[in-house]
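Below: the structure, in structure tokens.
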Ligand SMILES: Nc1ncnc2c1ncn2[C@@H]1O[C@H](COP(=O)(O)OP(=O)(O)OP(=O)(O)O)[C@@H](O)[C@H]1O
Ligand SMILES: Cc1ncc(C[n+]2csc(CCOP(=O)(O)O)c2C)c(N)n1
Ligand SMILES: [Mg+2]
Ligand SMILES: [Mg+2]
Ligand SMILES: [Mg+2]
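In our numbering, the protein residues as written are 614 to 943.
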């Protein structure tokens, strides 16, 4: 990389999507207006080389795409419509300009899907590994954001996709390297790790249907995210083992391995939530009409806040044991 300012002008979009954007890249800060009936939603997540990806697990394009996707997933978990994003990047000297162009192409491609505008960021050099921090902004109709603290006894728990595919894909990449070779089944798992799809359409259904819904996205694993809902709601969540949605391509794995990936794997970026039993039919019908998946995986009951797995009539405690940056898996 020769010049910081040349780099910034290279990554500045020529056109923008959002009509409420007043000033994007090029001044000290971005400016946008918003309608009174909408609330603004903002989140930030970081990806660090060696922790969130390696050069042999994600391509530069995929690093960019996933860096934005994990943030869009947090917007989905709030029921929000994505609008803007900002990118802070610390670049080691080993990265070529071509690789950085690909990284931004990955973000651009995902941003186009959701009509999100890149409105700012920061560019620095580093003597260490690449660090990518994306801030995502969205909006949601007043009072319709979906929080983690809404679960109540009698509710059902749901997932909006398959659990555990990303972690299974990552293990395949560790085992076989970036180029594989991977069978067709394995390719599905690897792709789900490398290019997760945020569940924005699912989040929007859950926000526009006016129901009492708790919602979270699965970054650290179903066990961890379910425990977050349990803590925030002071509720007891029971997950039924035989209802966990395991993708067909994982049927060749031993059942214990399937369960471990599903509960503790993480990075699936599906949504987990709860809703009143009497609302399930209506919500399911809306998901079905849009070709989307909604799988009931358990229920909420009275009792000590926490999560249990119901298996052959036994309840076993599910610890908050997913991915934790300062703790090894136990
Ligand atoms: N360093 C920090 N300073 C201030 N707030 C933070 C910091 N780290 C996390 N938070 C806040 O703590 C809450 C939980 O953050 P967390 O990162 O666990 O959620 P998440 O982004 O959904 O999960 P993940 O990062 O695993 O995808 C959020 O409200 C987040 O904004
Ligand atoms: C090379 C490599 N090693 C391990 C992992 C697994 N991993 C890293 S962060 C994370 C949870 C989500 O992160 P955060 O909590 O920061 O949002 C998981 C499951 C990976 N993706 N790549
Ligand atoms: Mg976070
Ligand atoms: Mg989240
Ligand atoms: Mg985390």
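Yeah, the Cβ is synthetic: ideal placement off N, Cα and C, and Gly gets one too.
Let me confirm a value: residue i is counted as buried when at least 16 other C-beta atoms fall within 10 Å, else exposed. Which label applies?
i           : result
residue 890 : exposed
residue 625 : exposed
residue 635 : exposed
residue 821 : exposed
residue 723 : buried
residue 917 : exposed
residue 653 : exposed
residue 739 : exposed
residue 623 : exposed
residue 868 : exposed
residue 887 : buried
residue 755 : exposed
residue 706 : exposed
residue 761 : buried
Note down the Cα distance separating residue i from residue j, rounded to an integer number of angstroms.
i           : j           : result
residue 943 : residue 936 : Here residue 943 scores only 44 on pLDDT, less than 50, and its place in the model is too uncertain to base an answer on.
residue 614 : residue 703 : 12 Å
residue 768 : residue 893 : 9 Å
residue 881 : residue 864 : 17 Å
residue 907 : residue 669 : 33 Å
residue 708 : residue 715 : 11 Å
residue 911 : residue 839 : 11 Å
residue 745 : residue 915 : 42 Å
residue 697 : residue 751 : 7 Å
residue 753 : residue 672 : 33 Å
residue 627 : residue 720 : 15 Å
residue 792 : residue 737 : 31 Å
Would a check of beta-carbon distances place residue i closer than 9 Å to chain C?
i           : result
residue 830 : Protein chains in the displayed structure number just one, and chain C is not present.
Could you tell me whether any non-hydrogen atom of ligand 1 is closer than 8 Å to the CB of residue i?
i           : result
residue 658 : yes
residue 674 : no
residue 683 : yes
residue 697 : no
residue 936 : yes
How about residue i: is its Cβ closer than 8 Å to a heavy atom in ligand 2?
i           : result
residue 783 : yes
residue 670 : yes
residue 939 : no
residue 719 : no
residue 737 : no
residue 780 : yes
Going by the C-beta, is residue i closer than 8 Å to any heavy atom of ligand 6?
i           : result
residue 883 : Of the ligands one can find in the structure shown, namely ligand 1, ligand 2, ligand 3, ligand 4 and ligand 5, none is ligand 6.
For this session: Name all residues in chain order for which at least one heavy atom of ligand 4 lies closer than 7 Å to the residue's CB.
Result: 686, 687, 690, 829, 830, 832
Exercise. Are there three or more Cβ pairs, one per stretch, closer than 8 Å when the region 854-861 is compared with the region 773-790?
Worked result: yes
Problem set entry | Meets three-Cβ-pair contact criterion under 8 Å: the region 926-940 and the region 786-803 | no
Exercise. Does the region 778-785 come within contact of the region 659-668, defined as at least 3 CB pairs closer than 8 Å?
Worked result: no
Exercise. Three or more beta-carbon pairs under 8 Å between the region 682-692 and the region 810-825, yes or no?
Worked result: yes
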